[in-house]
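Residue numbers (UniProt numbering), protein chains in the order written: chain A, 1 to 325; chain B, 1 to 325.
We put the beta carbon where it would ideally sit given N, CA and C, even for glycine.
These numbers come from a predicted model, not from an experiment.
What follows is a short report on a single structure.
Structure representation (structure tokens):
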């Protein structure tokens, strides 16, 4: 079970390897949001998303022996790149199971980072969990799950340690922290870090319309599933349901979920381009979209949106600019 | 005359107001550059460019009386926004003289930051210096020149202090520091800061083809002019000639200039999008283009490119992605 001690230990292992990402802001965005808005730019993390933190945390926690046998991960793309980069830096081989419809950029980057990529069909009979388990068994590889894994949650939690410190430097001690949420690894890691370091900063998970399993699960008090598992441009945060490990943490520590539309995510991407000079993917812009376009569902004079990733294909980014910039 | 003491004093005035921008990198870019490549992401500075540093430094150094009378600046856009934002924060009015062909985004932002914008024709009879002087005299406004002004150079120099510190943290003590160069305010400020703090980091000014006044002036040992004053997409770094104050500093401290093409700047923008998740304007990407596409003209095992700004119109950015991403 991930604790603040584990998160601090992960932060020590990540020091000098993960980037301390900046907390950005713009008066133009404050005006739209109707309050002070800060954006934690995790798109500037190595491999273009926060997933590098969890990947590094998990790989660096392995025994020497396990590292030598190598690791395996399943991922729609960002966890894939995070694990691949971390494995490479530790001299471990990595096999990554990815959906065939993941953005080309993510598949190619994962290969270029030295991992062996195995594609599977999201709509097919075999789940990615099953494909992953089969490979892991065969080669003695250690499976690094994308979110239901204590060392991964601890790694993502290091982002929360930075948020606590950076918010304090801005004079923010009470605010909601909007976090794009798939399986809940980042949301639960940040929530645990904030519980210990900045208890008046509260996580609110953000999801795209039609894939709001966490929001519905939090409302119901028990795990709910998404009816469908693909078909959103917010590919980074599509998961069937909250994790078994993450959900109890989310339940205990997070506020209600927020739901945004794909169009709002695209508009947020265009505004992040214009006002912050950062590149966000749709799933990475959901939290910013919630802050900008759903201000009435948010409490407080300041809000922090964690912009979780920027691995977007150029064509989709051009479309966001053509429509909304 | 700007000294390291003035730069340190400017850093103290900027503390908590200007952003410490991150030093980014990507193994994919290292491979193209053939060495370790670090990008100082000044596009993430307030107002989208390093010019906020010089604007804040100059406005914060004014007497109370002068602040009350207000300030005036001439600028193709980034200095305009930097001065406008700094003036607003200090409660001073700002008049900004801008070329009519500056990017719409820069003109609009300057207005939105509360400044009065006066447009002039770059090809017209009256120089921007003359327009600026006329306004300054009329209203008792203090003219804040874009580069030939010691407090502006001191402000830009704070970027050099950060580079010295961040390079040391990366283990880099000897490298060339590529800086996009218009009138030379940033190049000379960084050069002065590095002279005092990291003498084995050496500035190399970077300019677009056809507007290489600094490169030719450095080679000749005396000031040379550009034949033309407009007509490049690198609008941020087009100036008629090096400054009277900046040129002696550049001469004493910088290595030879580097010249890149517009196409190379556009390709660098696309690679910064793909690999660093930052938005650069063409003039802000020239240094990165030099590092990526002219490695044979650069010395050493590591290179630092200062990515000076990201205020690019969406249409031009889309074009860069469509062609090169």
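C-alpha gap between residue 13(B) and residue 57(B), whole angstroms: The C-alpha of residue 57(B) is placed about 7 Å away from the C-alpha of residue 13(B).
Rounded separation between residue 231(A) and residue 120(A) - CA only: 16 Å
Rounded separation between residue 140(B) and residue 69(B) - CA only: 6 Å
Cβ contact check for the segment 158 to 178 of chain A and the segment 191 to 205 of chain A: 3 or more pairs under 8 Å: These segments touch.
Sequence-distant residues of its chain with Cβ nearer than 8 Å to residue 106(A) (five each side left out): Non-local beta-carbon contacts of residue 106(A) in its own chain, meaning distances under 8 Å to residues more than five positions away in sequence, involve 76, 77, 78, 80, 81, 98, 311 in chain order.
Residue 274(A) - containing beta strand (DSSP E), residue span: Segment 262 to 276 is the alpha helix (DSSP H) holding residue 274(A); no beta strand (DSSP E) there.
Closer than 8 Å to chain B by CB, residue 278(A): Judged by the 8 Å Cβ criterion, residue 278(A) is in contact with chain B.
Contained beta strand (DSSP E) runs [length at least 3] in the segment 70 to 96 of chain A, N- to C-terminal order: 71 to 74
Helix, strand or coil at residue 124(A) according to DSSP, with G and I counted as helix: Judged by DSSP in its simplified three-state form, residue 124(A) adopts coil rather than helix or strand.
Uninterrupted beta strand (DSSP E) stretches inside the segment 196 to 251 of chain A (no shorter than 3 residues): 201 to 208
Short CB-CB distance (under 8 Å) between residue 50(B) and chain A: no
8 Å Cβ cutoff, residue 43(A) in contact with chain B: So yes, residue 43(A) belongs to the interface.
Backbone CA spacing between residue 35(A) and residue 234(B) [nearest angstrom]: Linking residue 35(A) to residue 234(B) through their CA atoms gives a straight-line distance of about 35 Å.
DSSP state of residue 309(A) mapped onto helix, strand, coil: strand
Among 2(B), 302(B), 323(B), nearest to residue 168(B) - alpha-carbon criterion: Closest by alpha carbon: 302(B).
Euclidean distance between Cα positions of residue 283(A) and residue 240(A): 15 Å
Extent of the continuous beta strand (DSSP E) run through residue 41(B): Residue 41(B) -> beta strand (DSSP E) spans 36 to 41.
Residue 207(A) to residue 53(A) span [Cα, whole Å]: 21 Å
Interfacial residues, the segment 292 to 321 of chain A to chain B, with Cβ spacing under 7 Å: 310, 314, 317, 318, 321
Validate contact between the segment 19 to 27 of chain B and the segment 35 to 44 of chain B using beta carbons, cut 8 Å, 3 pairs: yes
Length of the line joining the Cα atoms of residue 225(A) and residue 113(A): When rounded, the separation of the alpha-carbon atoms in residue 225(A) and residue 113(A) is 33 Å.
Beta-ladder partner(s) of residue 304(B), from DSSP: 38(B), 177(B)
Cα-Cα separation, residue 273(A) to residue 279(B): 7 Å
Near-chain A residues of the segment 12 to 24 of chain B - C-beta to any C-beta below 7 Å: 19, 22, 24
Short CB-CB distance (under 8 Å) between residue 247(A) and chain B: No, residue 247(A) does not count as interfacial toward chain B.
Member of 307(A), 269(A), 184(A) whose CA lies at the smallest distance from the CA of residue 254(A): Nearest option by C-alpha distance: 184(A).
At least three beta-carbon pairs within less than 8 Å, the segment 253 to 269 of chain A to the segment 250 to 265 of chain B: no
DSSP three-state assignment for residue 99(B), whether helix, strand or coil: strand
Residue-chain proximity (residue 112(A), chain B), Cβ-Cβ < 8 Å: yes
Residue 286(A) versus residue 218(A): straight-line alpha-carbon distance, rounded: 18 Å
Candidates 314(B), 297(B), 313(B): closest to residue 33(B) by CA position: 297(B)
Host alpha helix (DSSP H) of residue 287(B) (start-end): Looking at the DSSP string, the run of the alpha helix (DSSP H) that includes residue 287(B) is 282 to 293.
Reference residue 258(A); option with closest CA among 276(A), 242(A), 294(A), 126(A): For residue 258(A), the nearest C-alpha among the options comes from 294(A).
Outcome for residue 315(B) when other beta-carbon atoms lying within 10 angstroms are tallied against a minimum of 16: That one is exposed.
Check: residue 317(B) C-beta below 7 Å from any heavy atom of the ligand FAD: By its list of ligands, the structure shown contains no ligand whatsoever, and the ligand FAD lies outside what it can speak to.
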